[in-house]
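**Q** In my numbering, the protein residues as written are 1 to 157. Every residue, glycine too, gets a C-beta built ideally from N, C-alpha and C.
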């Protein structure tokens with residue numbers, strides 16, 4: 001399964017805001033756009049959706065920007081993906097209106113892929129935006145060994 005660019009950018013905005021929670025000034029769209037090489041106008045539409053969903057508090061004008069409306073630990077990754085993705089049909093037989101497969105009555109592929117999609121979303125349901133910006137524990141998943149500083153990903157504050 002591949003996430004759309006919209007979902008990718010929505011997650012980047014939320015992660016950037018989560019990583020910037022402690023600073024005094026709000027995050028700006030221009031700042032995120034520049035840090036990630038994303039179109040400012042495209043990002044503006046994504047920020048509007050996230051604000052409409054109650055995830056971002058936005059302020060216009062000088063000194064304005066955006067902040068998370070709730071703690072990053074309360075923003076569920078699975079919920080964000082479900083909100084921003086429009087199509088979880090991995091193959092045509094997932095949609096009865098479009099299905100033209102002649103093997104549907106004798107095929108188990110739909111069940112296998114449905115199970116895989118549920119498992120994928122279950123993993124995402126177990127994570128929050130805070131989990132995505134937290135430094136990994138030493139020695140896990142290629143992280144720095146004990147005593148060595150963790151290097152942050154370029155583009156994050």
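By DSSP, does residue 111 sit in helix, in strand, or in coil?
**A** Correct three-state label for residue 111: helix.
**Q** Give, in chain order, every unbroken run of the alpha helix (DSSP H) that is at least 4 residues long and sits entirely within the region 24-112.
**A** Here the runs fully enclosed are 29-36, 40-52, 77-84.
**Q** Can you list, in chain order, the residues of its chain whose CB lies under 7 Å from that of residue 18, leaving out five sequence neighbours each side?
**A** Excluding positions up to five away in sequence, the list reads 68, 72, 129, 130, 133.
**Q** Residue 7 and residue 123 - do their beta-carbons sit closer together than 8 Å?
**A** It is not a contact, given that the beta carbons lie outside the stated cut-off.
**Q** Rounded to the nearest angstrom, what separates residue 60 and residue 11 at their Cα positions?
**A** When rounded, the distance between both Cα atoms is 22 Å.
**Q** Assuming residue 113 and residue 75 form a contact by the criterion Cβ under 8 Å, report the distance between their Cβ atoms to the nearest whole angstrom.
**A** Their Cβ separation, rounded to whole angstroms, is 28 Å, which puts residue 113 and residue 75 out of contact at 8 Å.
**Q** First and last residue of the alpha helix (DSSP H) that includes residue 19?
**A** Per DSSP, residue 19 belongs to the alpha helix (DSSP H) from 5-19.
**Q** The alpha helix (DSSP H) spanning residue 132 covers which residue range?
**A** Taken as a continuous stretch (DSSP letters only), the alpha helix (DSSP H) holding residue 132 covers 129-133.
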